[in-house]
Amino acid sequence: MRTQRRKEAKTQEGAKRFAFKIVSGGQTGADRAALDWAIRHAVPHGGWCPRGRLAEDGVIPARYALKETPDADYAQRTEWNARDADATVIFSCRRYLRGGSWLTRHAARELGKPCLHLYRELGIERAAERLRAFLRARQVRVLNVAGPRLSQEPEIGAFVEAVLQGALAASRA
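Reading the sequence shown from the start, the letters are residues 93 to 265 in my numbering.
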């Protein structure tokens, strides 16, 4: 009971410091890096994942507060996360998007939602500045975070976490 109260207090504290929620699909790589960052910093998180909580490494762990789509297709969760967010940021190590990351950008554009692509060549500081400006200019309350899975870009997680830290630590109220 006491542990539950501490978790709730930490979540409330995070919600006050960060005026938004991070959503993601729970895939390995960029998605999980963003969700892990949110959990560590008591930032509200959630999003849609495929039915069965499917990911490339098996079942998405229950610690991630994700809802299952009716379909096991990754495209459905991609579209629903873009739909339910105010904006989407896509992280990648490469300058050009492909696969699910390309689909995410396409879904956001089709829905008329703002979308920002940050790639490693920008560097952490510049990427963090761009993300911070993007969030402020669009008054984002719900941010969809996407990018390649771990098997496609093994270094993506560190980039995502560093940029989120740089962008959001400076945004604290």
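Even glycine gets a Cβ: it sits at the ideal position worked out from N, Cα and C. These numbers come from a predicted model, not from an experiment.
For the pair L158 and G192, the CB atoms are not nearer than the 8 Å cut-off. Around the beta carbon of G150, a 10 Å sphere encloses fewer than 16 other beta carbons of the protein chains shown; the residue is thus reported as exposed. In the three-state reduction of the DSSP assignment, S116 falls in the coil class, being assigned neither a helical nor a strand state.
About 6 Å separates the beta carbon of A167 from that of L195, a gap short enough to meet the 8 Å contact definition. Per DSSP, T161 lies in no alpha helix (DSSP H) segment and is marked neither H nor E. In the DSSP assignment, Y211 is bridged to S184.
Rounded to whole angstroms, the separation of the alpha carbons of E217 and T120 is 24 Å. If you check the CB distance, A130 and I114 come in under 8 Å. If you check the CB distance, V232 and A179 come in under 8 Å. With respect to the 8 Å criterion, E160 and R175 are not classified as neighbours on the basis of their beta carbons.
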